[in-house]
Amino acid sequence: MTVHRGDENTIVLEEICGVEDAEPLLQMLMELSLPRVDWRSCHSLHTAVFQVIMNLRPPLIGPCGDPWVETWLVPGLSWTIKADA
Amino acid sequence: MSALGEQFVSEARELVAQATDALLGIERDGVSAGLVDQVLRAFHTLKGSAGLLDLPAMVLAMHVAEDLATSIQGGGTSPTPPVITQMLACLDLVAGWIDAFESGGDLPPSAGNEAREMSEALRGVLAPSGPAAAPQGGVLPGWAVQTIQMHHATLRSRAGVGELFAIAYEPRASCFYDGDDPLQLLRRIPALLALRVEGANIPPAEIDPFACLLRFYVLAEGPRDALAGIFRLVPDQVQIVDLPADALHAVPEEVAPAGAHTIVRRLINEQREMLQVSGPDNALPGRIGAAGRSAANALRHARLDQLADEVNEAGAAAQVDADAGALVAALAVALSSIDAQTSSAPVATAGNPDATEDAANRWIRVPEARVDALINLSGELIVLKNSFAHLARRIESEGSQDLSRAMRREQEAIDRLAGEVHDAVLRLRMVPLAQAFRPMPRLVRDLSQQLGKKVQLVTRGETVESDKAVVDRLFEPLLHIVRNAVDHGIETPQVRKAAGKPEAGTIAIAASRAGDRIIIQIEDDGRGIDPEAVRRTAEQRRLMAPDALAVLSDEETIELIFAAGFSTAAEITDISGRGVGMDVVRKTVEQIGGRVFLTSRKGGGTTVRLDMPVSIATARIMVVESAGQRFGISMDSVSETVRLTPNRVSQVKQNEGFVLRDRVVPICSLAELMSLGGQTKTDAESRLLIVLEVGTKIAAVEVDAIRARTEAVLKPMQGLLAGARGYAGTTILGDGTVLLVLDLKEILG
């Protein structure tokens, strides 16, 4: 698993997040109250995982470890994405 | 079919009907936020359910249709007749798919191609927003314009000079299962300039993490071959469009869609109402979270990002405090600042009339068979109840006064209750006539356009209710009558003008209830029926002998249009002039115990009146045969059927009889009763008897054979036979023959 619970209400995405990570991420985002996602160590993000993030709009602890995502996708995210580490 | 599939079929049909209504409303009354919203929601929901059931072709078509509806909402595309026609065609396509899905559990194999063609056609009528509309040769699709608008700043400072392309990549919902990772493909675009991602707005609880509902819009530098190469495995999901070099500068800066605010208001209002409803305390944080998220998303949709952020923060705070106050306040602020921005747009606000309407229209879908089972049960309850009366009398005659009084009291209570149950159950089958009226506006619109006529349809009394069976069967006659009215009744605008009438003809359908009958009147102000023309046609078609025809009054002549094979249209059109229409109307209406009246004034229009029963009285019938003829016997009076060997039959005076459980039962032959001649063979090995009990009387009727037991609608005897005794009525059997149903109470009595 490259998605796991961090401290308190933080969910950590690490290394290569594949399609199989989308469901556990969705689960965690729905279970936690005010969850945040730390994606600094994620080097590669599958569309399915990104879709979950887009839908649930959690605050994100960045920058994303995947520079392409940071360059092309993050500017398009319209919610308050910044959260303190 | 799975429960999900069944639900999809019924909901999708309802959505198609709603969207059709709304589109016709837009065409008739112009764009209104409510109607466009309805269309948009219908397409959106259809797309969602199609995604859920993995019907990619339908997702594709609905997606483009949704874009078009959004564009209408934003004022980018105006709903001209060709646009409406295209959207209606799209709904027709979906309706066809739904039928296929219902029968085969999937869309037809042709759906993929149909969806692509439909998407192209819909895109064809989608007006590109902005002056960049016409790069050489073609129009810039709306998505490309939007993408350019969102990335103006970046694009202006672009240094590159290569060829420019706009790419729309709309992956199939099932693409993850195919091993696709859309972002992976996009990463391979060498000179990416802008990327816009659109997601479907789905409540978290309904998200399927394995269905890809994202759509990607890209601006990139060529060469085209390189771009096409990247997407070579998903050609059906990608559209690559050339951008002229000046396109970037020609597209204006973005503006928020005009209609968006209305929806946002409504959404925010809904959230506020939800927060004000009391519920279990432990659910409150969840409700606050959901309300805050939805409201913020809505605000963002209208490009009100700052308000969205404020609502978001208030929501988070409220969630922590488990007190909705802060969020409610933030929502109020958001609402008033939207109002400030759109003060010119009159929008219904407080009181939300929709809410009460929703409550009144809440439905439970119940399979017809279950309702029928309930009706049968309540019928049996009534029969049982009747036996109490006998019982009470018996107790009385045997001398127990107190007991009999108590019995009677109880019996009255059961009587009342059984009656109420029966009524309530029958009401379950009552549906509003609106169901039969619903397709008419569409029909009138299409026909009148096809024929170059202007027709306005007015309907009244849609809320009048009738038994489902009546409403279902009403549809076809109504269709024929309205068709006839548009095709033969209403004149072309030129003719009408010359006759001093308004250019647009009017067809009015009005329903009303009169006791246990429903009167439906279809009136047009067209040319009316010319008795002379009818007479000539009847002569040509030899519908009647010329001398008989000559003595008919004008009214009687007009009635001839109900005759089979009659048509007054000079040429047979594919719309109604086949001469079967009115014939079918009369037959169908009479089958359910109704009647048709027709009045017409040459030049002044035609009125057709349908007089229908509120409910169809069905009777359980046994079909028997005697001396080669078939008759119906109401099952209510049949207590049993018996086969006797001749030695059990004894002769009592002139009559035959036999003993059944200590009672002597007289036998009479049905053939004799009906004076059919043909002797029943008394020397046969066994004799078939139907034992009838009516009140205290018992008798057996001998028949040759029992053919069937069936449910049938009884039509009272009419015309010369109206006064004939011994018949309960007639009914038409499945094979089309008319069956006389005997009233045995009268025969035995």
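Protein chains in written order, with the working numbering: chain A, -5 to 79; chain E, 179 to 927.
Even for Gly, the Cβ is constructed at its ideal location relative to N, Cα and C.
Where the beta strand (DSSP E) through residue i begins and ends
{"i": "E/Cys353", "result": "Careful: E/Cys353 lies outside any beta strand (DSSP E) and carries neither H nor E."}
{"i": "A/Arg30", "result": "30 to 39"}
{"i": "E/Gln634", "result": "633 to 638"}
{"i": "E/Asp789", "result": "783 to 791"}
{"i": "E/Gln807", "result": "807 to 812"}
Beta carbon of residue i nearer than 9 Å to that of residue j
{"i": "E/Ala805", "j": "E/Leu776", "result": "no"}
{"i": "E/Leu392", "j": "E/Leu370", "result": "no"}
{"i": "E/Ala278", "j": "E/Asp284", "result": "yes"}
{"i": "E/Val767", "j": "E/Met800", "result": "no"}
{"i": "E/Ser634", "j": "E/Ala682", "result": "Rather than Ser, the amino acid found at residue 634 of chain E in this sequence is Gln. Yes; because the gap between Cβ atoms is below 9 Å, this pair is in contact."}
{"i": "E/Thr908", "j": "E/Leu922", "result": "no"}
{"i": "E/Ala469", "j": "E/Gln484", "result": "no"}
{"i": "E/Asp420", "j": "E/Arg350", "result": "no"}
{"i": "E/Val774", "j": "E/Phe740", "result": "yes"}
{"i": "E/Leu300", "j": "E/Gly320", "result": "no"}
{"i": "E/Tyr395", "j": "E/Arg374", "result": "yes"}
{"i": "E/Gly781", "j": "E/Arg705", "result": "yes"}
{"i": "E/Glu871", "j": "E/Ser817", "result": "yes"}
{"i": "E/Lys563", "j": "E/Arg607", "result": "no"}
{"i": "E/Leu866", "j": "E/Ala877", "result": "no"}
{"i": "E/Val622", "j": "E/Val664", "result": "yes"}
{"i": "E/Ser582", "j": "E/Leu611", "result": "no"}
{"i": "E/Ala502", "j": "E/Ile466", "result": "yes"}
{"i": "E/Ser556", "j": "E/Val609", "result": "no"}
{"i": "E/Ala235", "j": "E/Cys268", "result": "no"}
{"i": "A/Met24", "j": "E/Ala383", "result": "yes"}
{"i": "E/Ala247", "j": "E/Val272", "result": "no"}
{"i": "E/Val416", "j": "E/Ala346", "result": "yes"}
Residue i versus residue j - alpha carbon distance
{"i": "E/Gly693", "j": "E/Ala551", "result": "27 Å"}
{"i": "E/Arg839", "j": "E/Arg821", "result": "15 Å"}
{"i": "E/Gln314", "j": "E/Pro422", "result": "The predicted position of E/Gln314 is uncertain, since its pLDDT is 36 and thus under 50; a value taken from the coordinates is nonetheless stated next. Distance between the alpha carbons of E/Gln314 and E/Pro422: 7 Å."}
{"i": "E/Leu462", "j": "E/Ile659", "result": "56 Å"}
{"i": "E/Ala500", "j": "A/Met22", "result": "21 Å"}
{"i": "A/Gly85", "j": "E/Asp270", "result": "This structure gives no information on residue 85 of chain A, because the portion of chain A shown stretches from -5 to 79."}
{"i": "E/Gly316", "j": "E/Arg471", "result": "Any reading at E/Gly316 needs caution, since the residue's pLDDT is 47, under 50, leaving its predicted position unreliable; the model's value is listed next. Between E/Gly316 and E/Arg471, the C-alpha separation is close to 40 Å."}
{"i": "A/Gly59", "j": "E/Pro381", "result": "28 Å"}
{"i": "A/Glu8", "j": "E/Ala495", "result": "30 Å"}
{"i": "E/Leu202", "j": "E/Asp703", "result": "22 Å"}
{"i": "E/Glu341", "j": "E/Pro360", "result": "23 Å"}
{"i": "E/Arg586", "j": "E/Thr888", "result": "36 Å"}
{"i": "E/Ala584", "j": "E/Leu595", "result": "17 Å"}
{"i": "E/Ser575", "j": "E/Phe566", "result": "14 Å"}
{"i": "E/Leu943", "j": "E/Ile770", "result": "Nothing can be reported for residue 943 of chain E: it is not among the residues displayed for chain E, which extend from 179 to 927."}
{"i": "E/Val636", "j": "E/Arg674", "result": "19 Å"}
{"i": "A/Leu26", "j": "E/Ala220", "result": "33 Å"}
{"i": "E/Gln454", "j": "E/Ile446", "result": "13 Å"}
{"i": "E/Arg903", "j": "E/Gly810", "result": "15 Å"}
{"i": "E/Asp708", "j": "E/Glu669", "result": "14 Å"}
{"i": "E/Leu238", "j": "E/Gly290", "result": "9 Å"}
{"i": "A/Val(-3)", "j": "E/Tyr355", "result": "20 Å"}
{"i": "A/Glu2", "j": "A/Pro69", "result": "27 Å"}
{"i": "E/Val511", "j": "E/Ala200", "result": "32 Å"}
{"i": "E/Val827", "j": "E/Leu559", "result": "36 Å"}
{"i": "E/Ala689", "j": "E/Gln613", "result": "12 Å"}
{"i": "E/Arg605", "j": "E/Arg714", "result": "48 Å"}
{"i": "E/Ala181", "j": "E/Val187", "result": "10 Å"}
Element boundaries [alpha helix (DSSP H), containing residue i]
{"i": "E/Met608", "result": "Premise fails: E/Met608 lies in the beta strand (DSSP E), 608 to 610, not in any alpha helix (DSSP H)."}
{"i": "E/Ala278", "result": "259 to 282"}
{"i": "E/Thr325", "result": "320 to 328"}
{"i": "E/Ala211", "result": "211 to 230"}
{"i": "E/Ala677", "result": "It is not in any alpha helix (DSSP H) - E/Ala677 carries neither H nor E in the DSSP assignment."}
{"i": "A/Thr18", "result": "Note on residue identity: the sequence assigns Pro, not Thr, to residue 18 of chain A. Counting along the chain, the alpha helix (DSSP H) containing A/Pro18 begins and ends at 16 to 25."}
{"i": "E/His658", "result": "646 to 662"}
Whole-angstrom C-beta distance between residue j and residue i, which should lie under 8 Å
{"i": "E/Ala190", "j": "E/Ile276", "result": "5 Å"}
{"i": "A/Pro52", "j": "A/Pro29", "result": "5 Å"}
{"i": "A/Trp33", "j": "A/Gly56", "result": "6 Å"}
{"i": "E/Thr198", "j": "E/Leu266", "result": "7 Å"}
{"i": "E/Gly667", "j": "E/Thr784", "result": "6 Å"}
Exercise. Just by C-beta distance, which residues in the segment 33 to 48 of chain A are closer than 9 Å to chain C?
Worked result: Of the protein chains in the structure, A and E, none is chain C.
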